[in-house]
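Colleague: Quick one: the structure is below, questions incoming.
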Amino acid sequence: MKKITRFRSFVLSAAFTFGALAFTACDDDSKGPVGEYARDGVLISNEGAMTKSNASVSFYNHGSRSVENESFKKVNAPLVLGDVLQHLSVHGDRAFLVMNNSGKVTVADANTLKAQAEITGMHAPRYFVALNNEKGYVTEWLGYDPTTYIYGTGRVAVVDLKTYTVTKTIPVGVQPEQLVISGGKLFVANSGGNTVSVINTATDAVETSILVNDGPNSLALDRNNVLWVSSSGLKSYNSDYSVDEENSKPGTLAKINTGSNAVISTLAFTQKAPSPSKLTLNGNRDKLYFLFNNRVYVQDVNASALPAAPLIDRGAYVPYGFYGLGVEPSTGMVYAGKAPNFSSNGWVVRYNNQSGAPVDSFQVGVAPNGFVFR
Amino acid sequence: MAKSSYRLLLCLAALSGIAPAALAQQDTAQYQLRTVEVFGKPAEVFASGSRVSILDSSFVQMHASGSLVDALQARTPLFLKTNGPSGISTPTFRGTSATHTAVLWNGLNIDMPALGLSDFSLLPLTSLGSISVQHGAAGATYGSGAIGGAVSLSSPVYDKPGFGATVQQEIGSFGRYFSSAGGHYVGQKVSVGMSGYRLSAANDFPYKDYGSFGAPTRLQEEAQVAQHGFTQDVTWQLSEKSRLALHGWYTYANREVPPALGAANVSTRQVDKNLRLMADFGHDSNWGETTVKAAWFSDYLRYTDYSNNSLTDINTYQLQAEQTYTYARRWSLRGGVNLQHFVADVQGYGGTVTEDRASAFLLFRYDPTRRLDLSLNVRQAFVKGYNPTPAPTLGANWLFLQQNNHRLYLKGNVSGSYRVPTLNERFWQPGGNPDIKPEQGWNYESGLCHTFTHGSWHIETEASAYRLLLDNWVQWMPLESGYWSPRNLQKVRAQGLELSTRASKKMDELSVAATAAYTYTTSEQVEAYEGPEELNLQLAHVPLHKAQLGADAAFRAWSFLGNLTYNGLRYTNNSNTSNLPAYTLLSLALSRRIDIGQYQIIASLRSDNATNANYYVLENMPMPPRSFAASLRFVIP
Chain Z
96 MKKITRFRSF VLSAAFTFGA LAFTACDDDS KGPVGEYARD GVLISNEGAM
146 TKSNASVSFY NHGSRSVENE SFKKVNAPLV LGDVLQHLSV HGDRAFLVMN
196 NSGKVTVADA NTLKAQAEIT GMHAPRYFVA LNNEKGYVTE WLGYDPTTYI
246 YGTGRVAVVD LKTYTVTKTI PVGVQPEQLV ISGGKLFVAN SGGNTVSVIN
296 TATDAVETSI LVNDGPNSLA LDRNNVLWVS SSGLKSYNSD YSVDEENSKP
346 GTLAKINTGS NAVISTLAFT QKAPSPSKLT LNGNRDKLYF LFNNRVYVQD
396 VNASALPAAP LIDRGAYVPY GFYGLGVEPS TGMVYAGKAP NFSSNGWVVR
446 YNNQSGAPVD SFQVGVAPNG FVFR
Chain X
10 MAKSSYRLLL CLAALSGIAP AALAQQDTAQ YQLRTVEVFG KPAEVFASGS
60 RVSILDSSFV QMHASGSLVD ALQARTPLFL KTNGPSGIST PTFRGTSATH
110 TAVLWNGLNI DMPALGLSDF SLLPLTSLGS ISVQHGAAGA TYGSGAIGGA
160 VSLSSPVYDK PGFGATVQQE IGSFGRYFSS AGGHYVGQKV SVGMSGYRLS
210 AANDFPYKDY GSFGAPTRLQ EEAQVAQHGF TQDVTWQLSE KSRLALHGWY
260 TYANREVPPA LGAANVSTRQ VDKNLRLMAD FGHDSNWGET TVKAAWFSDY
310 LRYTDYSNNS LTDINTYQLQ AEQTYTYARR WSLRGGVNLQ HFVADVQGYG
360 GTVTEDRASA FLLFRYDPTR RLDLSLNVRQ AFVKGYNPTP APTLGANWLF
410 LQQNNHRLYL KGNVSGSYRV PTLNERFWQP GGNPDIKPEQ GWNYESGLCH
460 TFTHGSWHIE TEASAYRLLL DNWVQWMPLE SGYWSPRNLQ KVRAQGLELS
510 TRASKKMDEL SVAATAAYTY TTSEQVEAYE GPEELNLQLA HVPLHKAQLG
560 ADAAFRAWSF LGNLTYNGLR YTNNSNTSNL PAYTLLSLAL SRRIDIGQYQ
610 IIASLRSDNA TNANYYVLEN MPMPPRSFAA SLRFVIP
């Protein structure tokens, strides 16, 4: 999710600067309107149900205040997007769709969604980040042992964005998730362990790894270039598979100095069973949003303590009530992707960022997990 | 006794619309007669006012190398959800889900206890004698799961005295080889029959891979199938009044499960081994007919891929005892009990789990006049901790018009049904819900049946309208813990129409028949207790329209069979926002009998998907294009 806000500048420039490039670049592509998804809207990635290959992209249009579902299909049918759209990321005029259970990254024109290429040969890819127009990185979980269900070490694939080939793989920690680039370094959260790997983007070699609380599951880079890491903490479980409040370790938010790789401070939650996740920044990157105990919290990036009360409290538990979380840079509006299950369509609910009250909602594809604001 | 049973059956056949098959196919009618003589009244006798159809034997014989999927898809309103070419196929009947069609073998439920459903592709036609389909709920007669309907399978019956045998070899497109052999001996006191088959199919057909950029044409490489199995049936007339039958049925399947277009190939394999043994004892006395069935079913399922290795091994012990008393042609009363004991060795349960279930039933059929018959049935199931509500049935057939060659019947039926939760729903860890309630259903239907007979012509038409309500529908949903758990989510209402007609004419050297059928099915959530509220939208994978046209003809030694099946648009989600287009499949078969002395060779050619339709039954699962098969069958009659 954090990539989305990180890319807001790209998004804006894509709309205006690269828009022109896109028009010329796609001259030979006579099919479909050019630039339909270029501006004034939100691209929504709908994960789909695993093994069903029914991932989809929706587009919410601010102008008409309406949503279009199956946008990728509309442009590319009969081409099938694939199985489990884990992450949708836009860089320049290209959209990168990480298809987790298709083992590939589909590349499409960010303004028209016309498929352009695919980067294949990956094993359970999770998240994508582009360094520049030539090079990108993809985290891969690889498989787990079918008898013990334990994951081994994952890796980061280095992708040539000209030829769309994997040029190198870098072993990192277990179950690498989100990645963030800052100051010539690539930070990778190893969610199955307790480290953040630091990779030198010039050499594509692991420089060091930073020790954090167990289960680092999301990253966000604030306006001070401080890297925030949300960690689940080591959980222990009751016999009914719920998390044991008594014996679990609490989750934390850690702040990392991206220059020195040092942990500046760690903020621990008092409640032990729930885990913080989905770190998301606003447009100015000075407000940090996250999910905890099925509630959305927000805090100033300079705050030295965790917020006491949630911004959005939906009260009773709703399964996968915040499957995706996004904050619109221009308005500050909070977008939540709701996945009631994986056989029905999901919903996007929009919330006021001051009151936390729901504003409106619309139906999207199966399991909406992310937003790219155009 | 036997005679009256036969008349009852014929009467029932005429009344309930099984006649199209039974009368048009002489051998089927006779065959039924023998069944009645040997095994007593079939459960259908107590199904007044409901719709029961018997699959015609000519179709079954022509498709003997196939599975129940082919037969039901082409000849009944059931829609089979087929997961690609290698098969795993589950039914939706009258708008319900796969767990809502009970499958019985010689009167006992054979659904996989872990899942509460049957994979119809594992039930080969070659191992079966007769197949009858109960439309709509019949919980009283068939027990748990008979909500949308029930499919009742019987072992083959060998009725012609002496020795007989059949050997068949078939070769088909995409690396398909099918062999079968069977033999039987019918003596004074004992009849013995056995058969075996072997199927291997590479299913390496070409398809466009729309899951890859550029949509390259590929060969399906993940749909190989190897199946084999055998049946053994012994019937022993112990005395004039008692007989004992032993039935054995084994099926083995080792299948590759292809990934959906665009999904990673994780090398999914499924191995199924099902062994079913049954002893069936019958005795006639002044108290009527006593039947005791004892059975042992062993169901083994192993599902593996790169990240799964799941093993299910369940032993089911069943005992069913029933007593039927028939008073002349006026009434018939059957009472009985069914006991089930499950021993489940399933990885997901974290150890061996056992469960006992029982049910008691009382079935009553009353014919106050020659033109009216009534059914009043009830069954109560007992399961520790969650007894389902009783399932009653009240039904009537009324011959209200009889003029010249026309007969018009009015039918009506109200039926309760239930489904006891499956073992997975109760015991799976994590997520299994010990507090889950049984599903409970009601089925209301009414119908008209018209028969016309004139000389060698016979026309039979039936129209049924039904409304089916199913409460506490169980579905798995995600919990706060991140695990999935079955919950009683919703109430569903299915409504629809079933129309069918068959016309046949039999002459000296030529016999022709044509069938047409249409099914309209709406199935909608009307109440949501938990989970998403998607009221009044068609449930996923239930086609609104299904239509069939069939023609068969026999001229001297030649036989022809053509079948056209149309399946309407199906939504792929319960939000009705994405769908799969309608498709039409044509199958053609031609065969010729060559007599060599007293032996016969039957040579046949068949084409499935003869129009080469490009279609999907399930999302992103390419299905085979046009295929051909040639077969030779050697028969010692």
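Chains as they are written, first to last, in this note's numbering: chain Z, 96 to 469; chain X, 10 to 646. Even for Gly, the Cβ is constructed at its ideal location relative to N, Cα and C.
(1) Contact check, ILE305 (chain Z) vs VAL358 (chain Z) under 8 Å by CB: the rounded distance?
(2) What number of angstroms, rounded off, separates the C-alpha of SER327 (chain Z) from the C-alpha of PRO487 (chain X)?
(3) Can we say the stretch 624–632 of chain X touches the stretch 265–281 of chain X, given the rule of at least three CB pairs closer than 8 Å?
(4) Taking 8 Å as the threshold (beta carbon to beta carbon), is PRO439 (chain X) in contact with chain Z?
(5) Using only the alpha-carbon positions, how far apart do ASN352 (chain Z) and ALA398 (chain Z) sit?
(6) To the nearest angstrom, report how far apart PRO220 (chain Z) and GLU235 (chain Z) are at their CA atoms.
(7) If the cut is a Cβ gap below 9 Å, which residues of chain Z does PHE222 (chain X) touch?
(8) Nearest to TYR206 (chain X) by alpha carbon, out of X:TYR259, X:ALA80 and X:HIS193?
(9) CA-CA distance, LEU401 (chain Z) and GLN449 (chain Z)?
(10) Closer than 7 Å between beta carbons: that is the criterion. Which residues of the stretch 527–545 of chain X meet it against chain Z?
(11) Indicate whether at least one CB of chain X lies closer than 8 Å to the CB of ASN156 (chain Z).
(12) Quick one: which unbroken alpha helix (DSSP H) runs of 4-plus residues sit fully inside the stretch 521–552 of chain X? Chain order, please.
(13) Do SER307 (chain X) and LEU284 (chain X) count as a contact pair if the criterion is CB distance below 8 Å?
(14) Might you give, ordered along the chain, the residues of its own chain that have their beta carbon closer than 6 Å to the beta carbon of PHE417 (chain Z), omitting 5 neighbours on each side?
(15) Helix or strand or just coil, what does DSSP make of VAL185 (chain Z)?
(16) For the stretch 226–266 of chain X, list the beta strand (DSSP E) runs that are entirely contained and at least 3 residues long, ordered along the chain.
(17) Give the residues of chain X in contact with GLU165 (chain Z), contact being defined as C-beta atoms less than 9 Å apart.
(18) Closer than 7 Å by C-beta to LEU256 (chain Z): which residues in its own chain qualify, once you throw out the five before and the five after it? Chain order, please.
(19) Below 9 Å between beta carbons is the criterion; list the residues of the stretch 416–428 of chain X that meet it against any residue of chain Z, in chain order.
(20) Could you confirm whether any beta carbon from chain X is found closer than 8 Å to the beta carbon of TYR336 (chain Z)?
(21) Output, in chain order, the set of chain X residues within a Cβ distance shorter than 9 Å of LYS147 (chain Z).
(22) May I ask you to list, following chain order, the residues of the stretch 297–319 of chain X that have a beta carbon less than 7 Å from some beta carbon of chain Z?
(23) How far does the alpha helix (DSSP H) with ASP128 (chain X) in it extend, from its first residue to its last?
(24) Rounded to whole angstroms, what's the CA-CA distance from TYR415 (chain Z) to ALA224 (chain X)? Just pull it up for me.
(25) Which of helix, strand or coil does DSSP assign to GLN356 (chain X)?
(26) Just to confirm, are PHE55 (chain X) and THR150 (chain X) a CB contact at a threshold of 8 Å?
(27) Just tell me which of X:SER139, X:PHE370 and X:GLY464 has its CA closest to the CA of ARG388 (chain X).
(28) Find the residues of chain X that neighbour TYR239 (chain Z), judging by a C-beta separation of less than 8 Å, and give them in chain order.
(29) Name the residue from X:GLY157, X:LEU478 and X:THR108 whose alpha carbon lies nearest to the alpha carbon of GLN484 (chain X).
(30) Going by beta carbon distance, what residues of the same chain come within less than 6 Å of VAL280 (chain X), once the five residues before and after it are set aside?
(31) If I measure Cβ to Cβ from LEU24 (chain X) and keep anything under 6 Å in the same chain, skipping five residues before and after, which residues do I get?
(32) Of all the CB atoms in chain X, is at least one closer than 8 Å to the CB of GLN449 (chain Z)?
(33) Span of the beta strand (DSSP E) holding ASP474 (chain Z)?
(34) Pull up the distance between the alpha-carbon of VAL644 (chain X) and that of SER161 (chain X), whole angstroms please.
(35) Considering only residues of the same chain and omitting the five flanking positions on each side of ALA212 (chain Z), which have a CB-CB separation below 6 Å?
(36) Could you give the C-beta distance for ALA254 (chain X) and THR240 (chain X), rounded to a whole number, given that I count them as a contact under 8 Å?
Modeller: Reading from the atomic positions:
(1) The pair is a contact, with the Cβ atoms about 7 Å apart (cut-off 8 Å).
(2) Roughly 20 Å separates the two Cα atoms.
(3) Output reads yes: the stretch 265–281 of chain X touches the stretch 624–632 of chain X.
(4) Among the residues facing chain Z, PRO439 (chain X) is included, as its CB has a counterpart in that chain under 8 Å away.
(5) A direct Cα-to-Cα measurement between ASN352 (chain Z) and ALA398 (chain Z) gives close to 16 Å.
(6) Going from the Cα of PRO220 (chain Z) to the Cα of GLU235 (chain Z) covers about 4 Å.
(7) Around PHE222 (chain X), the beta-carbon contacts reaching into chain Z at under 9 Å are LEU174, LYS199, THR201, VAL202, ALA210, GLN211, ALA212, GLU213 and THR215.
(8) Among X:TYR259, X:ALA80 and X:HIS193, the Cα nearest to that of TYR206 (chain X) belongs to X:TYR259.
(9) Between LEU401 (chain Z) and GLN449 (chain Z), the alpha-carbon positions lie close to 18 Å from each other.
(10) Against chain Z - using a Cβ distance shorter than 7 Å - the residues of the stretch 527–545 of chain X are GLY540, PRO541 and GLU543.
(11) Nearest CB-CB separation between ASN156 (chain Z) and chain X: not below the 8 Å threshold.
(12) When DSSP assignments are scanned along the stretch 521–552 of chain X, no uninterrupted stretch of alpha helix (DSSP H) that is 4 or more residues long falls wholly within it.
(13) Contact flag set, yes.
(14) The residues are LEU386 and ALA431.
(15) In this structure, VAL185 (chain Z) counts as strand in the three-state DSSP scheme.
(16) Qualifying beta strand (DSSP E) stretches, in chain order: 226–228, 234–246 and 251–266.
(17) THR586 and SER587, listed in chain order.
(18) Around LEU256 (chain Z): ALA225, ASN228, GLU229, LYS230 and GLY231.
(19) Cβ contacts with chain Z come from no residue of the stretch 416–428 of chain X.
(20) So, interface residue.
(21) What LYS147 (chain Z) touches in chain X: ALA269, ALA272, THR581, LEU627, GLU628 and ASN629.
(22) Answer in chain order: TYR315, SER316, ASN317 and ASN318.
(23) Per DSSP, ASP128 (chain X) lies in no alpha helix (DSSP H) and is assigned neither H nor E.
(24) Near 34 Å, if we compare the C-alpha coordinates of ALA224 (chain X) and TYR415 (chain Z).
(25) GLN356 (chain X): helix per DSSP, three-state reduction.
(26) In contact: PHE55 (chain X) and THR150 (chain X) (Cβ atoms closer than 8 Å).
(27) Comparing C-alpha distances from ARG388 (chain X) to each of X:SER139, X:PHE370 and X:GLY464 shows the shortest one belongs to X:PHE370.
(28) Simply SER316.
(29) Closest option to GLN484 (chain X), judged by alpha-carbon separation, among X:GLY157, X:LEU478 and X:THR108: X:THR108.
(30) By the criterion of a C-beta distance shorter than 6 Å, VAL280 (chain X) is surrounded in its chain by ASN263 and ARG311, once the five residues flanking it on both sides are discounted.
(31) With a pLDDT of only 32 at LEU24 (chain X), under the threshold of 50, the placement of this residue in the model should not be trusted; the figure read from the coordinates follows. Sequence-distant partners of LEU24 (chain X) (beyond 5 residues in either direction) whose C-beta falls short of 6 Å from its own C-beta, in its chain, are ASN406 and TYR418.
(32) GLN449 (chain Z) does not count as touching chain X.
(33) It is not possible to answer for residue 474 (chain Z), since the shown part of chain Z is limited to 96 through 469.
(34) Distance between the alpha carbons of VAL644 (chain X) and SER161 (chain X): 27 Å.
(35) Around ALA212 (chain Z): VAL202 and TYR259.
(36) Not really, about 13 Å apart at Cβ, beyond 8 Å.
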